[in-house]
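**Student:** Okay, handing you the structure first.
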Amino acid sequence: MSPAERARRRHVWVDGPDDTLVAGLVVTWRRREGEWEALVATGYGDRMLLQWRAASALRPVRDDGWRLSAP
């Protein structure tokens, strides 16, 4: 099953600068030269960056069960 068939959009951690992880959102998938790539939106301060990233550079965000309390 392809990444595109499993989930169209999902929150991921993306390999960032200086070995950090950056929060991102997968917008869409494509297959290029036999490998899957995701168009990922990441935020840096007041800027957004859309970038094609190899699927191997992404890590899915796992639900830790935390929920915001009702006001």
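The UniProt record's numbering puts the first residue of the sequence shown at 1, with every later residue one more than the last. Quick reminder that beta carbons are idealized off the backbone N, C-alpha and C, glycines included.
#1: Of all the options PRO60, GLU35, GLY24, ASP18, which has the alpha carbon lying nearest to the alpha carbon of LEU44?
#2: From VAL61, TRP29, ALA57, pick the residue whose C-alpha is nearest to that of PRO17; which is it?
#3: Could you give the first and the last residue of the continuous beta strand (DSSP E) run that contains ASP15?
#4: Can you find the residues in the same chain that come closer than 7 Å, C-beta to C-beta, to ARG47, ignoring five residues on each side of it along the sequence?
#5: For the beta strand (DSSP E) that contains GLY24, what are its first and last residues?
#6: What residue range is occupied by the uninterrupted beta strand (DSSP E) comprising ARG47?
#7: Apart from the five residues on each side of it in sequence, which residues of its chain come closer than 6 Å, Cβ to Cβ, to TRP52?
**Tutor:** The short version:
#1: It should be noted that the sequence gives Tyr, not Leu, for residue 44. Nearest to TYR44 by C-alpha distance, out of PRO60, GLU35, GLY24, ASP18, is GLY24.
#2: That would be ALA57, whose Cα lies nearest to the Cα of PRO17.
#3: Counting along the chain, ASP15 sits inside the beta strand (DSSP E) bounded by residues 11 to 15.
#4: For ARG47, where only same-chain residues beyond five positions count, there are no Cβ hits under 7 Å.
#5: Per DSSP, GLY24 belongs to the beta strand (DSSP E) from 21 to 32.
#6: Run containing ARG47: 47 to 54, per the beta strand (DSSP E) assignment.
#7: When the five nearest sequence neighbours on each side are left out, the beta carbons in the same chain lying within less than 6 Å of the beta carbon of TRP52 are those of GLU37, LEU39, in order along the chain.
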